[in-house]
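K.L.:
Can you keep this structure in mind? I'll have questions shortly.
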Amino acid sequence: MWLLRVNLLLITLLSVGLTMSSAQQASSTSPSIVFISPEQIKDIGEQVTLNCSIANVKNYIVGWQKSNRDRTKESNIISLGVQLAVTEDRFRLNFTKENNAANYVLEIHDIVNTDAGLYECQIQVNSTSKITKTVELQVRHPPMLLENQHTNTLTKAEGEDAQLVCR
């Protein structure tokens, strides 16, 4: 009887060990986003490159999605897998895969104001979950000069105070 209890205990411990080992192995082979570009600040008309590097990509679907900074409006799918979902020529997607690592590079040329927002790299794990990382693109606007505001000349002697009004 004592030997039977020891065998049952040993079988239980081995079973728990195998279960833990399988769980650890599954988590180490799950896909993950190991790099995403830092925040980008660009001027209108410039180009931006957003990079998303995936480890353990296997056959998972990776995509880019854009949403507004406040995330109140619906988001737009930019790419899904290696295909662009937008038809604008300003967008390009470059994809490289080596072994079990992949790199998804989204390029936006001739940036316009509406390109500003949050760009999210997503790995679709299953029908209810995904792994994501986000990079923000801020778009700077050139200063706007009001008509007849810049034509006034202000002449002062060296050392005199000058008052300039910005509107």
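Residues -23 to -1, 1 to 144, numbered by mature numbering (1 follows the signal peptide of the UniProt record, and there is no 0), are exactly what the sequence shown covers, in order. Yeah, the Cβ is synthetic: ideal placement off N, Cα and C, and Gly gets one too.
Can you name, in chain order, every residue of its own chain whose Cβ lies under 6 Å from the Cβ of residue 97, other than the five neighbours on each side?
P.N.:
Around residue 97: 42, 109 and 111.
K.L.:
With a cut-off of 8 Å on the beta carbons, I'd call residue 9 and residue 33 a contact; round off their distance for me.
P.N.:
Confirmed, Cβ separation roughly 6 Å.
K.L.:
Taking the alpha carbon of residue 67 as the reference point, which residue from 86, 23 and 117 has its own alpha carbon closest?
P.N.:
Looking at the Cα atoms, 86 is the closest of the given residues.
K.L.:
DSSP three-state call for residue -2: helix, strand or coil?
P.N.:
Summary for residue -2: the model assigns pLDDT 38, below 50, so the residue's position carries little reliability; its value from the coordinates is reported in the next sentence. Note: residue -2 maps to helix in three-state DSSP.
K.L.:
Here's the rule I'm using: 16 or more other beta-carbon atoms within 10 Å means buried, otherwise exposed. How should residue 134 be labelled?
P.N.:
Per the 10 Å Cβ criterion, exposed.
K.L.:
According to the Cβ coordinates, are residue 113 and residue 69 closer than 9 Å?
P.N.:
Contact: no.
K.L.:
From this set, 82, 58, 88 and 77, which residue's C-alpha is nearest residue 117's C-alpha?
P.N.:
Among 82, 58, 88 and 77, the Cα nearest to that of residue 117 belongs to 88.
K.L.:
Taking residue 37 as the reference, which of 6, 77 and 100 has the closest Cα?
P.N.:
Residue 37 has its Cα closest to that of 100, out of 6, 77 and 100.
K.L.:
Give the straight-line distance between the Cα atoms of residue 131 and residue 139, rounded to the nearest whole angstrom.
P.N.:
Taking the straight line from one Cα to the other gives about 8 Å.
K.L.:
What does DSSP give as the partner residues of residue 32 in its beta bridges?
P.N.:
Bridge partners of residue 32: 9.
K.L.:
For the beta strand (DSSP E) holding residue 94, just list the boundary residues, first then last.
P.N.:
Counting along the chain, the beta strand (DSSP E) containing residue 94 begins and ends at 94 to 101.
K.L.:
Are there 16 or more other CB atoms within 10 angstroms of the CB of residue 78, so buried, or fewer, so exposed?
P.N.:
Counting Cβ neighbours within 10 Å, residue 78 comes out exposed, since fewer than 16 surround it.
K.L.:
What does the alpha-carbon distance come out to for the pair residue 6 and residue 65?
P.N.:
The straight-line gap from Cα to Cα measures roughly 36 Å.
K.L.:
Residue 141: buried (16+ other C-beta within 10 angstroms of its C-beta) or exposed?
P.N.:
Label assigned to residue 141: exposed.
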